[in-house]
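Per our numbering, residue 56 is the first one in the sequence shown, and the count goes up by one each step. Idealized CB from N, CA, C, for every residue including glycine. The model shown is predicted, which means the values in this text are computed figures rather than measured ones. Input: a single structure, listed below in structure tokens.
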Amino acid sequence: MAKWSRRLKFLIAFLIPVAGVMICNNGLDNDSWYILAEGREIVENGVYYEDQLSMHEGLNVTVQNYGFAAIFYLLYSALGGTGIYLIMLILNIVLCYLIYKICMLISHKNENLSLLLMILTDLLLSYGYVVTRAQMVSYIIMMLVIYILELYAREGKKKSLWWIPILSLVQINLHASLWPMILIVMAVYIIDGFKQPKLHYKGYKIKPLILVGLISFAVGFLNPYGFKMMTFILTSYGVPEANNYINELSSFSLTTGYNILLYATIVAVLILYIFGKNRNIRLRYLLLLFGFLALGLNTVKGMSHLILVLLFPLAEVYSGIKMNNPRWRKLRFSGAIWAGVLALVVVVATTTIIIPNTNARGPSDVMIYALDALDEKVGDMDKSKFKVYGDYDEGGYVEYRGYKSYVDPRMEVFLKANNGKEDIFSEFYSLQHGDLDKAEFLKKYDFDFLVVREYDKLYNSVDENEYELVYHDDEAAEYDGVKVYRKKTNEEGYIKI
Numbered sequence: 056m057a058k059w060s061r062r063l064k065f066l067i068a069f070l071i072p073v074a075g076v077m078i079c080n081n082g083l084d085n086d087s088w089y090i091l092a093e094g095r096e097i098v099e100n101g102v103y104y105e106d107q108l109s110m111h112e113g114l115n116v117t118v119q120n121y122g123f124a125a126i127f128y129l130l131y132s133a134l135g136g137t138g139i140y141l142i143m144l145i146l147n148i149v150l151c152y153l154i155y156k157i158c159m160l161i162s163h164k165n166e167n168l169s170l171l172l173m174i175l176t177d178l179l180l181s182y183g184y185v186v187t188r189a190q191m192v193s194y195i196i197m198m199l200v201i202y203i204l205e206l207y208a209r210e211g212k213k214k215s216l217w218w219i220p221i222l223s224l225v226q227i228n229l230h231a232s233l234w235p236m237i238l239i240v241m242a243v244y245i246i247d248g249f250k251q252p253k254l255h256y257k258g259y260k261i262k263p264l265i266l267v268g269l270i271s272f273a274v275g276f277l278n279p280y281g282f283k284m285m286t287f288i289l290t291s292y293g294v295p296e297a298n299n300y301i302n303e304l305s306s307f308s309l310t311t312g313y314n315i316l317l318y319a320t321i322v323a324v325l326i327l328y329i330f331g332k333n334r335n336i337r338l339r340y341l342l343l344l345f346g347f348l349a350l351g352l353n354t355v356k357g358m359s360h361l362i363l364v365l366l367f368p369l370a371e372v373y374s375g376i377k378m379n380n381p382r383w384r385k386l387r388f389s390g391a392i393w394a395g396v397l398a399l400v401v402v403v404a405t406t407t408i409i410i411p412n413t414n415a416r417g418p419s420d421v422m423i424y425a426l427d428a429l430d431e432k433v434g435d436m437d438k439s440k441f442k443v444y445g446d447y448d449e450g451g452y453v454e455y456r457g458y459k460s461y462v463d464p465r466m467e468v469f470l471k472a473n474n475g476k477e478d479i480f481s482e483f484y485s486l487q488h489g490d491l492d493k494a495e496f497l498k499k500y501d502f503d504f505l506v507v508r509e510y511d512k513l514y515n516s517v518d519e520n521e522y523e524l525v526y527h528d529d530e531a532a533e534y535d536g537v538k539v540y541r542k543k544t545n546e547e548g549y550i551k552i
């Protein structure tokens, strides 16, 4: 019975985070569509250096996630949206396992404490950060690096360090924007390796870490774009217009219930550090905590890395707590409660995955219908020959359907610092904030089609003498509407195509 009880405990412990993810996220991330468009282009024509997705010509591009995009497209082609979603859940389970292993290592195998910290970490991460994007792979690689470094720092296992250059090579070719995180984490462990007698730190040999760090940096050059790939993040973030327009790039603020919960968790962790029995908490944990806290306060997106490193150090501070001793018996769940939790997980899984849900595995219905209407007008003609106004949110799906969009969620592509030609994203931002003349904008680009959501400034600002309305849905559940316009070419109303 004891063996089955332990197995049930582990089953529930890993299924709770899965249920949390499925409740918070039951579909493909909006970025999935431009990633699929990128992957299709790479699989069919190879890696490209000039943008092939948007309607703009001559834009230099660094496809920092080219490897992930190609794999993502092949998996989607074989398994569909549901398959991609299931792979996301599997990756999340792998991430949970790595968090558990790290906690077990530093808590001296305190199993119950490790499972509890794993559950709490992933539940915090599940709201907005466990998505069908390359960041899932990056989270796993980062936690693998931390686990390897912990093995070295605690047990002196040098051989395991040689996995880090391999992980660096994988990271730079799958998701280069987060590649610097490997070097940052290694730098933290190098700093912590110095002996500090006053703090009662014995330290550990840092020469192997420095050597492996240098090799990990060197293998970063082994990618199709060279040094540009390695420094991609430096030219792609910190843009005021992007920070104001894109939610995940905005500064952290206590304006939502989740942000308040996360803030309370950070405060609680700091209090637990202060009052823990093991006062000599490792310097590396504090550096990770405050370093990623600074990143997270700067951008909401950066909070995910803080969450990953926030709780596992508590496994060392409270490693002496035994949750199976008499003092904890009142908190132990009965078999009926375990069964109830398991039933809840099964119900969530059934309603989320097994029961068909068209919206859960694809774009919103209104965008499908709008692009279907556009397809009907284009007929058998080459879609890629048309210039389509698609905005930041919907441009990726426009491109996935085979058209050339004005912009898409690849904000960094539309920055002059990256494309070497024009600050297109700044132009789009000005258009949406009323600082740009709409008629002059439409005249400049002479779009063949406009796909306009109701939140867009062009929604009610299109000259009917210039464009014909060919599709209109004003009863959509999300954003309450979409219009598709087609360009006219003369006074008689003759349509260009």
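Query	Result
Limits of the unbroken beta strand (DSSP E) element including residue 504	504 to 508
Backbone CA spacing between residue 226 and residue 191 [nearest angstrom]	11 Å
Residue 88 classed as buried or exposed, judged by whether at least 16 other C-beta atoms fall within 10 angstroms	buried
Residue 240 in three-state terms, based on DSSP	helix
Which of helix, strand or coil DSSP assigns to residue 527	strand
Nearest-angstrom Cα separation, counted from residue 166 out to residue 60	14 Å
Residue range of the unbroken beta strand (DSSP E) whose run includes residue 461	Residue 461 -> no beta strand (DSSP E), and no H or E assigned at all.
CB of residue 347 within 8 Å of CB of residue 357, strictly	yes
Residue from 437, 451, 434 with nearest C-alpha to residue 422	451
Own chain, CB closer than 6 Å to residue 268, minus 5 neighbours either side, in chain order	241
Straight-line Cα distance separating residue 115 from residue 286	15 Å
Buried or exposed by the 16-neighbour rule on C-beta atoms within 10 Å, applied to residue 504	buried
Beta-carbon proximity list for residue 484, same chain, < 7 Å, skipping 5 on both sides	296, 300
As assigned by DSSP and simplified to three states, the class of residue 298	helix
Of the residues 469, 290, 309, the one placed nearest residue 481, counting alpha carbons only	469
Burial state of residue 537, where buried means 16 or more other Cβ atoms lie within 10 Å	buried
Delimiting residues of the beta strand (DSSP E) encompassing residue 538	537 to 542
Beta-carbon contacts of residue 97 that lie in its chain and below 8 Å, excluding the five residues immediately before and after	103, 118, 121, 124, 125, 128
Limits of the unbroken beta strand (DSSP E) element including residue 442	442 to 444
According to DSSP, residues forming a beta bridge with residue 115	105
Which residues DSSP lists as bridging residue 424, in chain order	For residue 424, which the question treats as bridged, DSSP gives no partner whatsoever.
Nearest candidate by alpha-carbon position, reference residue 81, set 478, 171, 181	181
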